[in-house]
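Working notes, structure below.
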Amino acid sequence: VYGAVNKNDVINLEFLIPNKDEVQQKIASILSAFDDLIENNTRRIKILENTAQLIYKEWFVDFKFPGHEKVKMVDRGTEFGEMPEGWEVKEIGEVIETLGGGTPSTKIEEYWECGDVNWFSPVDLTKNGMLFITNSGNKINQLGLQKSSAKMFPAYSVMMTSRATIGVVAINTTPACTNQGFITCIPNKILSAYQIYFWLEQNMSLINNLASGATFKEITKTNFRKIPITISDNEISEEFTRLVKPIFNEIENLQEQIFRLRETRDLLLPKLVGGEVEVDNLTIN
Numbered sequence: 573v574y575g576a577v578n579k580n581d582v583i584n585l586e587f588l589i590p591n592k593d594e595v596q597q598k599i600a601s602i603l604s605a606f607d608d609l610i611e612n613n614t615r616r617i618k619i620l621e622n623t624a625q626l627i628y629k630e631w632f633v634d635f636k637f638p639g640h641e642k643v644k645m646v647d648r649g650t651e652f653g654e655m656p657e658g659w660e661v662k663e664i665g666e667v668i669e670t671l672g673g674g675t676p677s678t679k680i681e682e683y684w685e686c687g688d689v690n691w692f693s694p695v696d697l698t699k700n701g702m703l704f705i706t707n708s709g710n711k712i713n714q715l716g717l718q719k720s721s722a723k724m725f726p727a728y729s730v731m732m733t734s735r736a737t738i739g740v741v742a743i744n745t746t747p748a749c750t751n752q753g754f755i756t757c758i759p760n761k762i763l764s765a766y767q768i769y770f771w772l773e774q775n776m777s778l779i780n781n782l783a784s785g786a787t788f789k790e791i792t793k794t795n796f797r798k799i800p801i802t803i804s805d806n807e808i809s810e811e812f813t814r815l816v817k818p819i820f821n822e823i824e825n826l827q828e829q830i831f832r833l834r835e836t837r838d839l840l841l842p843k844l845v846g847g848e849v850e851v852d853n854l855t856i857n
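Quick note on the working numbering: the sequence shown kicks off at 573 and runs consecutively.
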């Protein structure tokens, strides 16, 4: 037997609402101000990301990096055609470490109790919808980590969903691990997180085309690691990182502002409607 709610029950529900039109308008104005700030920050993030992506494409796809006029172009017989002398084409798996993930048994509570290890699932990334992500919806503990194939990786690695919804990318801001629905790329001195992120975005169609599977599409780590990438000299790579790092820092700051605005708005709404907070002197800075 299942419980049910009929139409009459819903119709007869009583709600507490502000009794003055002026108060209602002020509440609507306050909430609208929050939404405007969130939307403004979202637009700024998009502009910043597009700016950094254009720089990446100009330097590493079109080979129009600073001083390119003085560099000889050579044909190495690859799909990239002519490329700057001194640059190489390698498989991504030759250049960076890639990690998969795992899931501790959900039947054993001891693996999940008092969890303090970020353990991301694809849902976390799709729900977050932003470049940076800090907390996972579910967390495991050290025992759960030890008893699964999940592997810890450092903050500011690049996570990509590898099955079902393929190609959702995010950068973790704290040490973390994932379930088996990911390929995580670990930055190093050759490739920064920023280069990896834009390389993934640039190659997303290819990544999806390499996916296979009867039940659901998945790109395997083996196939992923074979994807080619152009490797510049260290000076160009380091200069790119110096140039775009402040952009990514600003994106991260704006994301944090959005999170706080949403949190404050959602906490404030019931207090405003319930009359716990006076609206007359309330302002948003």
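Just so it is clear, CB atoms sit at the ideal spot from N, CA and C, and this is done for glycine as well.
query: 7 Å Cβ shell around LEU778 - same chain, five flanking residues per side excluded; result: ILE799
query: Bridge-paired residues (DSSP) for ARG797; result: Answer is none; ARG797 lacks a bridge partner.
query: Three-state secondary structure assigned by DSSP to PHE754; result: strand
query: LEU778: CB within 6 Å of a non-hydrogen atom of the ligand GDP; result: For the ligand GDP, the structure offers nothing, since it holds no ligand at all.
query: Own chain residues within Cβ distance below 6 Å of PHE704, not counting five before or after; result: ILE743, THR745, GLU824 and GLN827
query: Element boundaries [alpha helix (DSSP H), containing ASN839]; result: Going by the sequence as given, residue 839 is Leu instead of Asn. It spans 806-845 - the alpha helix (DSSP H) in which LEU839 sits, taken as one unbroken run.
query: Residues sharing a beta bridge with PHE704, DSSP; result: ILE743
query: Supposed close pair LEU858, VAL633 - CB separation, criterion 8 Å; result: This structure gives no information on residue 858, because the portion of the chain shown stretches from 573 to 857.
query: Terminal residues of the alpha helix (DSSP H) in which LEU715 lies; result: 714-718
query: Run of the alpha helix (DSSP H) containing GLU773, from where it starts to where it stops; result: 765-774
query: CA nearest to the CA of ASP805, picked from ILE627, ILE738, SER601 and PHE637; result: PHE637
query: Pair within 7 Å by beta-carbon distance, PRO676 and SER734; result: no
query: Element boundaries [alpha helix (DSSP H), containing VAL667]; result: 664-667
query: Touching by the beta-carbon criterion (3+ pairs, under 8 Å), the segment 755-771 and the segment 670-688; result: yes
query: Where the beta strand (DSSP E) containing MET724 begins and where it ends; result: Here MET724 belongs to no beta strand (DSSP E), and DSSP marks it neither H nor E.
query: Of the residues GLY674, ILE830, ALA748 and ILE627, the one placed nearest GLU611, counting alpha carbons only; result: ILE830
query: Supposed close pair PHE770, GLN596 - CB separation, criterion 8 Å; result: In fact, because the Cβ distance is near 46 Å, the residues do not count as touching under 8 Å.
query: Same chain, Cβ closer than 7 Å to PRO652, five either side skipped, listed in chain order; result: The question names Pro, yet the displayed sequence has Phe at residue 652. These residues qualify, in order along the chain: VAL661 and THR802.
query: Distance between GLU641 and GLU654 (C-alpha atoms, nearest Å); result: 14 Å
query: Of the listed residues ILE768, PRO726, LYS699 and GLY687, nearest to ILE712 (C-alpha basis); result: GLY687
query: GLU681 versus GLY716: straight-line alpha-carbon distance, rounded; result: 9 Å
query: Presumed contact (8 Å Cβ cut-off) between LEU620 and GLU822, rounded CB distance; result: 6 Å
query: Nearest-angstrom Cβ-Cβ length linking THR706 and MET731, presumed shorter than 8 Å; result: No, THR706 and MET731 are not in contact; Cβ-Cβ is about 12 Å, not under 8 Å.
query: The beta strand (DSSP E) enclosing PRO676, as first and last residue numbers; result: No beta strand (DSSP E) holds PRO676; DSSP gives it neither H nor E.
query: As assigned by DSSP and simplified to three states, the class of VAL573; result: Low per-residue confidence applies at VAL573: pLDDT is 47, beneath 50, and the placement is therefore not dependable, though the value from the model is reported in the following sentence. If DSSP states are grouped into helix, strand and coil, VAL573 belongs with coil.
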